[in-house]
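Worksheet: one structure, shown below.
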Amino acid sequence: MTLDARLVDPLDALHLGREGGAFRVGLVVPQSGTLGLTGPSALDGALLAAHEVNARGGVLGRPLELVLVDGGGAPQPVAAEVRRLLAAGALDALAGCHTSDVHRAVEEVAAERIAYVFTPPHEGGSRRPGVLCTGIAPAAQLGPAIARLTELHGLRRWALVGNDYIWPRSVHRAAARLAAGAGARVVLERRLPFGTVERSVEPLLDELRATRADALLLSLIGRDQVLFNRALRRSGLDRRLVRLSGSLEENGLLALGGDGTGTLYAAMPSFATLAEEPRQLLAERHRALCGPWAPVLDAYAVGLYDGLHLLATLAARRALEPAGLARAAAPLLRAGRRTVHLARAEGPGFAVLP
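Heads up: the sequence shown begins at 1 in the UniProt record's numbering, then just goes up one per residue.
Following this line, the structure appears as structure tokens:
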């Protein structure tokens with residue numbers, strides 16, 4: 001089976017014509033930076049969605065093409081790349097799976113101009129016309145998980161460790177309220193700039209010991225989360241602390257080398273949490289189109305896959321106008337909403353808790 005999906009470089013999108021009047025979606029996905037390890041999987045999820053749309057005749061008879069923008073850089077340069085593409089009329093819609101600070105910068109240039117679907121877990125709050133968040137906000141994502149883990153492990157003392165940007169800040173505020181509601185308290189909070197885990201980790205491990213935390217919420221992302229979990233393993237704290245993450249997915253767990261402690265949990269709408277039959281069918285289509293050595297599908301890939309299908313459906317209904325996008329998308333989002341299940345790391349993969 002041949003993959004019927006075209007990936008276009010931004011320079012080509014700016015300067016070359018569209019073959020067959022293609023419907024072009026700007027795809028903002030990290031190919032570098034802290035979250036870059038998720039990029040290949042997310043890209044495969046998008047390509048698989050584009051292939052399926054094209055196999056059904058495209059978008060109103062136009063082939064769906066993806067214009068890849070590296071979303072792994074700093075917010076303003078990424079937003080500037082999107083602005084150039086929009087100014088040239090090179091995009092018909094926009095989809096993104098990247099950090100929330102990049103999202104807010106892209107929203108500034110995309111809102112009220114084009115339909116923009118942002119698919120990962122997000123910090124909550126309102127969005128401007130034309131911007132749809134299909135992921136989940138912190139309280140809804142973490143509430144059931146914190147309650148369940150408190151019941152399972154009798155947790156009383158939480159530490160919160162994340163990167164220093166808008167999403168972890170919102171996560172930590174929600175987690176403090178949720179922990180208090182479960183009869184626990186926060187005894188330590190730290191936020192680390194991207195790429196600083198290796199030089200910050202030893203003092204932070206000492207603080208975790210000194211505060212006698214029994215639970216750790218991780219809102220570090222990508223490579224930073226992998227490095228921190230490796231440090232916990234070296235110190236032995238991985239066996240003492242119950243760890244919960246709202247950003248750990250299959251690629252991060254594989255980069256960690258798996259986990260056998262029974263104390264590492266994720267609250268993500270991950271590939272593992274799909275119902276068995278859809279999960280198997282999606283994996284089979286991915287393997288058939290991308291080969292047996294393709295990246296493992298993860299939460300970000302599944303979110304972007306769904307987001308591209310949502311955009312294609314709205315475009316087919318001629319419902320991409322920013323002013324009416326949220327209203328047009330509402331019934332589709334309700335019908336397609338995935339439940340966030342608590343999953344425990346077991347070796348190289350996740351097992352969903354019943």
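Beta carbons are placed, not taken as given, at the ideal position from N, Cα and C, and that holds for glycine.
By the three-class DSSP mapping on this structure, what secondary structure does residue i have?
i	result
Leu310	helix
Ala290	The sequence shown places Cys at residue 290, not Ala. Three-state DSSP puts Cys290 in a helix.
His341	strand
Arg24	strand
Asp259	strand
Val296	coil
Does the beta-carbon of residue i, which I'm using as the reference point, lie nearer than 8 Å to any heavy atom of the ligand SAH?
i	result
Val109	You won't find the ligand SAH in this model; it holds no ligand whatsoever.
Count the other CB atoms, across all protein chains shown, that sit within 10 Å of the CB of residue i; report buried if there are 16 or more and exposed otherwise.
i	result
Val197	buried
Trp158	buried
Glu249	buried
Ser32	exposed
Asp306	buried
Ser126	exposed
Asp164	exposed
Ala90	buried
Gln280	exposed
Pro121	buried
Leu11	exposed
Trp293	exposed
His103	buried
His15	exposed
Glu112	exposed
Leu142	buried
Asp224	buried
Val352	exposed
Could you please give the first and the last residue of the uninterrupted beta strand (DSSP E) stretch that includes residue i?
i	result
Asp70	64-70
Ser245	242-245
Ala266	264-268
residue 360	Shown here, the chain extends from 1 to 354; a query on residue 360 therefore has no answer.
Val117	116-118
In the DSSP assignment, what are the bridge partners of residue i?
i	result
Glu52	Bridge partners of Glu52: none, in fact.
Ala351	Arg344
Tyr305	None, per the DSSP bridge assignment.
Val29	Asp70
May I ask which residues mark the beginning and end of the alpha helix (DSSP H) holding residue i?
i	result
His7	The sequence as given places Leu at residue 7; His does not occur at that position. Looking at the DSSP string, Leu7 is not in any alpha helix (DSSP H); the run it does join, the beta strand (DSSP E), is 6-8.
Val102	100-110
Val82	75-87
Mind listing, in chain order, the continuous alpha helix (DSSP H) runs of no fewer than 4 residues lying wholly within the stretch 180-233?
197-211
At what residue ranges does the stretch 120-180 contain a whole run of the beta strand (DSSP E), taking only runs of 3 or more?
131-133, 157-163
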